[in-house]
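Line order of the protein sequences matches chains G and L.
The first sequence maps to residues 1 to 310 in full-length UniProt numbering.
The second sequence maps to residues 1 to 310 in full-length UniProt numbering.
Shown next, in structure tokens, is the structure this report addresses.
Number of protein chains: 2
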Amino acid sequence: MINKLIQKIEQTDAPIVVGLDPMLDYVPQHILKKAFDEKGENLEGAAEAIWQFNKGIVDATYDLIPAVKPQIAMYEQFGIEGMKTFKKTVDYCKEKGLVVIGDIKRGDIGSTSAAYATGHLGKVTIGENTFRGFDEDFVTLNPYMGGDSVLPFLEVCKEEKKGVFILVKTSNPSSGDFQDQLVGDTPLYELVGKKVAEWGEMHMGGTYSYVGAVVGATYPKMGKILRELMPKAYILVPGYGAQGGKAEDLVPYFNKDGLGAIVNSSRGIIAAYKLKAYEKFGSQAYADASRQAVIDMREDLKQAWVAAKA
Amino acid sequence: MINKLIQKIEQTDAPIVVGLDPMLDYVPQHILKKAFDEKGENLEGAAEAIWQFNKGIVDATYDLIPAVKPQIAMYEQFGIEGMKTFKKTVDYCKEKGLVVIGDIKRGDIGSTSAAYATGHLGKVTIGENTFRGFDEDFVTLNPYMGGDSVLPFLEVCKEEKKGVFILVKTSNPSSGDFQDQLVGDTPLYELVGKKVAEWGEMHMGGTYSYVGAVVGATYPKMGKILRELMPKAYILVPGYGAQGGKAEDLVPYFNKDGLGAIVNSSRGIIAAYKLKAYEKFGSQAYADASRQAVIDMREDLKQAWVAAKA
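See the structure below:
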């Protein structure tokens with residue numbers, strides 16, 4: 001799957017992952033109205049609206065991008081109905097040939113981590129048969145509980161040829177509360193980064209590992225250090241755009257091969273029609289606005305990965 | 001809700017939370033067969049079997065215990081059908097008057113954490129109305145992303161009079177990989193503990209805070225230090241029983257009022273009929289075995305909290 005991801009990045013010239021993190025107030029009125037008319041102004045109606053909204057964006061962008069990253073929290077907030085939309089979105093994106101990164105940030109001990117891994121990447125055995133729960137291609141993981149929270153995922157990844165992105169240095173302002181604490185002379189995020197590199201050796205694709213890392217665009221100096229510490233880890237980079245990360249900051253996240261990083265944008269793409277730059281599209285053509293935002297992001301990022309190659 | 005939890009602990013003399021973490025191989029044959037006959041040998045059948053299994057245990061123990069802690073991973077592994085059983089279990093336990101701690105270990109940045117908080121503790125606004133997703137009373141949280149991952153939960157907790165238990169020192173063998181790293185002279189888990197105490201001041205119940213901590217039974221020396229650092233935090237203690245934690249190790253987790261800790265047991269109670277000590281019950285009477293295991297655990301724990309009071 002890491003090889004497929006890289007292949008698709010090379011084909012599209014777009015190290016972009018579109019964050020499918022829909023808030024109800026991103027959804028245009030005409031979609032909301034139709035969904036509420038059909039299913040009621042309730043959890044089911046909201047989940048339907050989000051599904052139709054997602055489908056529009058995927059249809060308008062799937063040929064330009066390698067991957068999507070649905071943020072499961074945005075679906076969990078609508079309970080079971082939201083989870084159904086999460087699953088429908090995962091399935092639909094895979095049908096469209098996209099790599100799906102489930103942004104689930106799970107992590108627990110041994111058998112519990114194994115259960116998460118089963119549900120999101122693997123298959124569960126029931127009687128004589130096996131079944132798949134959510135079936136993403138990659139998931140994000142939280143490392144706070146240590147190695148035995150991560151290893152059960154790697155077992156499943158090996159079997160399924162799937163991968164993980166482990167939180168190393170996150171993009172939020174208070175990520176430093178614990179991640180930046182100095183252990184001797186070394187900040188905790190570097191210790192985590194070293195572990196990611198170590199775990200990564202256990203499950204290599206071609207040039208890159210199935211074990212990637214999350215490093216926020218908002219901390220480019222740390223990104224540079226982490227790039228060097230984890231040369232074979234793909235870096236999933238949140239924080240571009242709405243959170244303040246700029247393309248010129250992203251150079252150090254790429255390797256000299258022009259690869260090694262994939263940059264997430266959520267709001268900046270899925271709610272592009274609400275931005276000044278794309279308001280001419282209007283809410284009816286919200287998906288066209290998203291398409292244009294992807295094209296613009298592709299151009300913007302090009303300076304970063306081309307500069308890294310130079 | 002923290003006051004209700006304490007009241008129920010005092011009423012039952014049982015600082016016990018039953019971990020509803022069902023694996024399919026815990027479920028007795030007669031329940032499996034009935035569920036598969038009715039719903040098919042598939043995800044729906046497995047989810048039905050687990051629901052019936054849970055219901056049996058809750059019916060047999062609810063009068064003896066203050067709280068349950070369903071581990072959401074065990075449900076997520078069965079996809080949407082599993083999540084439906086999670087929700088049914090939460091609702092049923094609340095109907096029975098139990099406090100429900102959703103063991104979800106979530107944590108993300110700002111608006112995403114807010115979405116998790118909405119889905120698990122709060123309500124979501126759709127049109128003119130509000131709806132509840134999963135609606136537990138407490139949830140567990142992972143602190144790796146720092147303060148802005150925790151605060152959105154506290155906002156919802158204040159509004160709903162609900163609470164959280166934040167991972168501080170977990171019970172698993174490799175919890176030390178990052179949690180034990182020394183920041184200056186202070187291990188990271190103590191820094192997290194201090195933050196928990198600080199966050200706790202922002203949302204007090206009566207004597208105890210709505211912000212609790214998870215500290216594993218397997219590390220009693222660290223438990224003692226953390227008890228002193230977070231005097232007003234209720235400590236949720238995993239790792240008793242199957243993971244090796246003993247009652248005599250639990251004394252330091254309690255305060256001098258005999259309160260302040262609630263001890264989880266999962267396998268040791270829900271799969272008691274598979275243990276030597278309870279095999280006489282047989283699989284048909286698996287729920288009676290669970291009841292007896294609760295009674296025995298209550299007796300065992302009594303030495304710990306009575307000793308703490310002395």
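Yeah, the Cβ is synthetic: ideal placement off N, Cα and C, and Gly gets one too.
Within the 7 angstroms Cβ cut-off, does residue i reach chain L?
{"i": "ASP180 of chain G", "result": "no"}
{"i": "VAL183 of chain G", "result": "yes"}
{"i": "VAL139 of chain G", "result": "no"}
{"i": "ASN172 of chain G", "result": "yes"}
{"i": "ILE109 of chain G", "result": "yes"}
{"i": "GLU76 of chain G", "result": "yes"}
{"i": "GLY260 of chain G", "result": "no"}
{"i": "GLU41 of chain G", "result": "yes"}
{"i": "VAL164 of chain G", "result": "no"}
{"i": "LYS123 of chain G", "result": "no"}
{"i": "PHE134 of chain G", "result": "yes"}
{"i": "residue 319 of chain G", "result": "No answer is possible for residue 319 of chain G: it lies beyond the span of chain G, which begins at 1 and ends at 310."}
{"i": "TYR116 of chain G", "result": "yes"}
{"i": "TYR144 of chain G", "result": "yes"}
{"i": "LYS94 of chain G", "result": "no"}
{"i": "ALA272 of chain G", "result": "no"}
{"i": "ALA46 of chain G", "result": "yes"}
{"i": "ASP37 of chain G", "result": "no"}
{"i": "ASP300 of chain G", "result": "no"}
{"i": "GLY127 of chain G", "result": "yes"}
{"i": "SER265 of chain G", "result": "no"}
Roughly how many whole angstroms lie between the Cα atoms of residue i and residue j?
{"i": "GLU136 of chain G", "j": "LYS34 of chain L", "result": "31 angstroms"}
{"i": "VAL139 of chain L", "j": "LEU188 of chain G", "result": "26 angstroms"}
{"i": "ALA287 of chain G", "j": "GLY216 of chain L", "result": "49 angstroms"}
{"i": "ALA272 of chain G", "j": "ALA289 of chain G", "result": "6 angstroms"}
{"i": "PRO231 of chain G", "j": "ASN42 of chain L", "result": "42 angstroms"}
{"i": "PRO143 of chain G", "j": "VAL211 of chain L", "result": "22 angstroms"}
{"i": "PRO252 of chain L", "j": "ALA261 of chain G", "result": "47 angstroms"}
{"i": "VAL192 of chain G", "j": "MET1 of chain L", "result": "36 angstroms"}
{"i": "VAL156 of chain G", "j": "MET83 of chain G", "result": "22 angstroms"}
{"i": "ASN129 of chain G", "j": "ASN54 of chain L", "result": "23 angstroms"}
{"i": "TYR62 of chain L", "j": "GLN292 of chain G", "result": "57 angstroms"}
{"i": "ASP296 of chain G", "j": "ASN172 of chain G", "result": "24 angstroms"}
{"i": "ASP300 of chain G", "j": "ALA247 of chain G", "result": "6 angstroms"}
{"i": "TYR234 of chain L", "j": "TYR240 of chain L", "result": "16 angstroms"}
{"i": "VAL18 of chain L", "j": "VAL263 of chain G", "result": "42 angstroms"}
{"i": "GLN29 of chain G", "j": "GLY40 of chain G", "result": "15 angstroms"}
{"i": "SER149 of chain G", "j": "GLY244 of chain G", "result": "32 angstroms"}
{"i": "LEU226 of chain L", "j": "GLU198 of chain L", "result": "13 angstroms"}
I'd like to know whether the C-beta atoms of residue i and residue j end up nearer to each other than 7 angstroms.
{"i": "THR85 of chain L", "j": "ALA47 of chain L", "result": "yes"}
{"i": "VAL214 of chain G", "j": "LEU236 of chain G", "result": "yes"}
{"i": "VAL294 of chain G", "j": "LEU64 of chain G", "result": "yes"}
{"i": "ALA73 of chain L", "j": "THR112 of chain G", "result": "yes"}
{"i": "LEU121 of chain G", "j": "LYS162 of chain G", "result": "yes"}
{"i": "PHE178 of chain G", "j": "GLY107 of chain L", "result": "no"}
{"i": "LEU77 of chain G", "j": "THR125 of chain L", "result": "Looking at the sequence shown, residue 77 of chain G is not Leu but Gln. It is not a contact, given that the beta carbons lie outside the stated cut-off."}
{"i": "LYS87 of chain G", "j": "ILE80 of chain L", "result": "yes"}
{"i": "GLY223 of chain L", "j": "SER209 of chain L", "result": "no"}
{"i": "LYS309 of chain G", "j": "GLY258 of chain G", "result": "yes"}
{"i": "ALA14 of chain L", "j": "LEU32 of chain L", "result": "no"}
{"i": "LEU229 of chain L", "j": "LYS195 of chain L", "result": "no"}
Kindly indicate if chain G contains any beta-carbon less than 7 angstroms away from that of residue i.
{"i": "SER290 of chain L", "result": "no"}
{"i": "MET222 of chain L", "result": "no"}
{"i": "THR55 of chain L", "result": "Looking at the sequence itself, residue 55 of chain L is Lys, so the reference to Thr does not match. Not an interface residue."}
{"i": "MET297 of chain L", "result": "no"}
{"i": "LYS169 of chain L", "result": "no"}
{"i": "ASP19 of chain L", "result": "The sequence shown places Gly at residue 19 of chain L, rather than the Asp named in the question. No, its Cβ sits nowhere closer than 7 angstroms to a Cβ of chain G."}
{"i": "GLY147 of chain L", "result": "yes"}
{"i": "GLN303 of chain L", "result": "no"}
With DSSP collapsed to three states, give me the class of residue i.
{"i": "MET204 of chain G", "result": "strand"}
{"i": "TYR278 of chain G", "result": "helix"}
{"i": "SER266 of chain L", "result": "coil"}
{"i": "SER209 of chain G", "result": "strand"}
{"i": "TYR234 of chain G", "result": "coil"}
{"i": "LYS246 of chain G", "result": "coil"}
{"i": "ALA261 of chain G", "result": "strand"}
{"i": "TYR240 of chain G", "result": "strand"}
{"i": "ILE101 of chain G", "result": "strand"}
{"i": "ILE6 of chain G", "result": "helix"}
{"i": "ILE225 of chain L", "result": "helix"}
ask   = Quick one: complete alpha helix (DSSP H) runs, 4+ long, within the region 116-202 of chain L?
value = 147-160, 176-179, 188-201
task = Would you mind listing the alpha helix (DSSP H) stretches within the region 22-89 of chain G that are 4+ residues and don't spill past its ends, in chain order?
result = 29-39, 43-61, 73-76
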